[in-house]
Every structure is written in structure tokens, then in C-alpha cells.
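See structure below.
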Amino acid sequence: MIELAAFIRELREQLNSALSEPNPGPVRFELGAVEIEATVAVEQHRGASGKISLWVVEANADSATASAHTHRITMTLQPVLIPPDGSHHSILITGQEHAGER
Numbered sequence: 001m002i003e004l005a006a007f008i009r010e011l012r013e014q015l016n017s018a019l020s021e022p023n024p025g026p027v028r029f030e031l032g033a034v035e036i037e038a039t040v041a042v043e044q045h046r047g048a049s050g051k052i053s054l055w056v057v058e059a060n061a062d063s064a065t066a067s068a069h070t071h072r073i074t075m076t077l078q079p080v081l082i083p084p085d086g087s088h089h090s091i092l093i094t095g096q097e098h099a100g101e102r
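Note that the sequence shown covers residues 1 to 102 in full-length UniProt numbering.
Below, the structure written as C-alpha cells:
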């Protein structure tokens, strides 16, 4: 399992990597809303903090974990590119598809 925050952080890093691809060529894709659907396990920590952690469950998780302690969540993220001058621009994705990606 991976923490939900790490999952979103990795998504952000991969979008940044696609943005900085050298020699993108003439065809690019404008980045719009990113919809994520994931199965998460909810863990509540004991103690004064009462912190709750959300863990993204792998697709091949065992059936006990998948059925007893998980919830399905859907999020829509709207990526925004904010350059130093504060202006807003369309975000264009230029990265190449890697083996196994869809």
C-alpha cells in the first residue's frame, strides 16, 4: 500500500516530468481535470492526535483487506500552472507513453 499523499505527490511529479519533456513535437495535449478513483484503507491512530491515514490499496490486495477495511473514493484534481509572474497559462502535456501505461 502507498499513502494517499504519496500517490498524489507521484502524480504531480509525473505531470511535471511530462511538462518538461525536451523536443515535444507538434502534437501536445492540454491538461484538464484529473479524475482519480482509488480503493483506500482507512487507519485511525491511537493516542491524543487521533490522526487518520488513508492508504491506496494495490489492485491485487488480498480479499480480507479489500473487503473489510477499504472504501472507494473518487477525486477530481484541477492542476494549475503558476509561473513566477502569477499569470495563468494552459498546461500542455508532452510526455511519451511508457510500456504498460494507459
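Cβ atoms here follow ideal geometry from the backbone N, Cα and C, with glycine treated the same way.
- Within its own chain, the residues whose Cβ lies closer than 7 Å to the Cβ of Thr70, once the five positions on either side in sequence are excluded, are Thr39, Val40, Ala41 and Val57, listed in chain order.
- In the three-state DSSP reduction, Arg12 falls in the helix class (H, G or I).
- For Met75, the enclosing beta strand (DSSP E) covers residues Thr70 to Leu77.
- Less than 9 Å divides the Cβ of Leu31 from the Cβ of Ser90.
- Taking the Cβ atoms as the reference, Arg72 lies roughly 7 Å from Glu37, within the contact range of under 8 Å.
- Closest by C-alpha distance to Arg12, out of Gly47, Pro79 and Ala48, is Pro79.
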